[in-house]
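Chemist: Mind having a look at this structure? Questions to follow.
Residue numbers (my numbering): 89 to 220.
Following this line, the structure appears as structure tokens:
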């Protein structure tokens, strides 16, 4: 099973970051923070392509996940990643099902349905950046 969902975009790194700020809120998620990972690395003397992490959260999903297993507090919020690559920009998200499974939570129909719902929403956001 895949642990992440990734697409390539022909748009520039900055264009993708700007578009994230437009697309995430109408999809029911808030942007909690924006971490300029590559800037942090550069400030410490390390070179790395542009890399930014957007911590995003849907409070309803977070509450529901926590009600299924309080240990979810160690894996939320979701991380939407933008990375500059050669001739394109990559947008990815870690899929929550794999993260949830790492907690060894008992499988249930409710959890399976919930994970499918959350992953579909996250993949929809990421797909907004895919080249056509």
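By construction, the Cβ of each residue, glycine as well, lies at the ideal position given by its N, Cα and C atoms.
Every value quoted in this text rests on a predicted model; they were computed, and no experiment measured them.
Should residue 97 be labelled buried (16 or more other beta-carbon atoms within 10 Å of its own) or exposed?
Modeler: Your numbering for residue 97 matches position 9 in the chain shown. Its Cβ being crowded by 16 or more others within 10 Å, residue 97 is buried.
Chemist: Just to check my reading of the structure: residue 124 and residue 140 have Cβ atoms closer than 8 angstroms, yes? What is that Cβ distance to the nearest angstrom?
Modeler: Numbered from its first residue, the chain shown carries residue 124 at position 36. Numbered from its first residue, the chain shown carries residue 140 at position 52. Contact flag correct, Cβ pair sits at about 6 angstroms.
Chemist: Rounded to whole angstroms, what is the Cα-Cα separation between residue 142 and residue 169?
Modeler: For the purposes of this step, residue 142 is taken as residue 54 along the chain shown, with counting starting at 1. For the purposes of this step, residue 169 is taken as residue 81 along the chain shown, with counting starting at 1. Going from the Cα of residue 142 to the Cα of residue 169 covers about 6 angstroms.
Chemist: Taking the C-alpha atoms as reference points, what is the distance between residue 121 and residue 165?
Modeler: One-based indexing of the chain shown puts residue 121 at position 33. One-based indexing of the chain shown puts residue 165 at position 77. So the two alpha carbons sit approximately 10 angstroms from each other.
Chemist: For residue 108, report the span of its alpha helix (DSSP H) as first-last.
Modeler: Within the chain shown, residue 108 is the residue found at index 20, counting from 1. 101 to 111 is the span of the alpha helix (DSSP H), which, as asked, contains residue 108.
Chemist: Tell me which residue opens and which closes the alpha helix (DSSP H) that residue 215 is part of.
Modeler: Taking the first residue of the chain shown as 1, we reach residue 215 at position 127. Here the alpha helix (DSSP H) through residue 215 covers 197 to 215.
Chemist: Under 6 angstroms Cβ to Cβ from residue 101, same chain only, skipping five residues before and after it: list those, please.
Modeler: Position 13 of the chain shown, counting from 1, holds the residue named residue 101. If we look at residue 101 and ignore the five residues flanking it on each side, its Cβ neighbours are 138, 172, 177.
Chemist: Rank 179, 133, 197 by C-alpha distance to the C-alpha of residue 104 and give the top, closest one.
Modeler: Walking along the chain shown from the start, residue 104 turns up at place 16. The option with the nearest alpha carbon to residue 104 is 179.
Chemist: Which residues share a DSSP beta bridge with residue 142?
Modeler: As a working note, residue 142 is residue 54 in the chain shown. Beta-bridge pairing links residue 142 to 122, 168.
Chemist: With DSSP collapsed to three states, give me the class of residue 149.
Modeler: Residue mapping note: residue 149 aligns to position 61 of the chain shown, counting from 1. Note: residue 149 maps to helix in three-state DSSP.
Chemist: Among 197, 214, 185, which one has its Cα closest to the Cα of residue 117?
Modeler: If you number the chain shown from 1, residue 117 lands on position 29. Of the candidates 197, 214, 185, the one whose C-alpha sits nearest the C-alpha of residue 117 is 214.
Chemist: In angstroms, rounded to a whole number, what distance separates the CA positions of residue 134 and residue 175?
Modeler: On the chain shown, residue 134 is found 46 positions in, with the first residue counted as 1. On the chain shown, residue 175 is found 87 positions in, with the first residue counted as 1. Rounded to whole angstroms, residue 134 to residue 175 spans 22 angstroms at the Cα level.
Chemist: Go ahead and pull the three-state DSSP assignment for residue 177.
Modeler: On the chain shown, residue 177 is found 89 positions in, with the first residue counted as 1. Correct three-state label for residue 177: strand.
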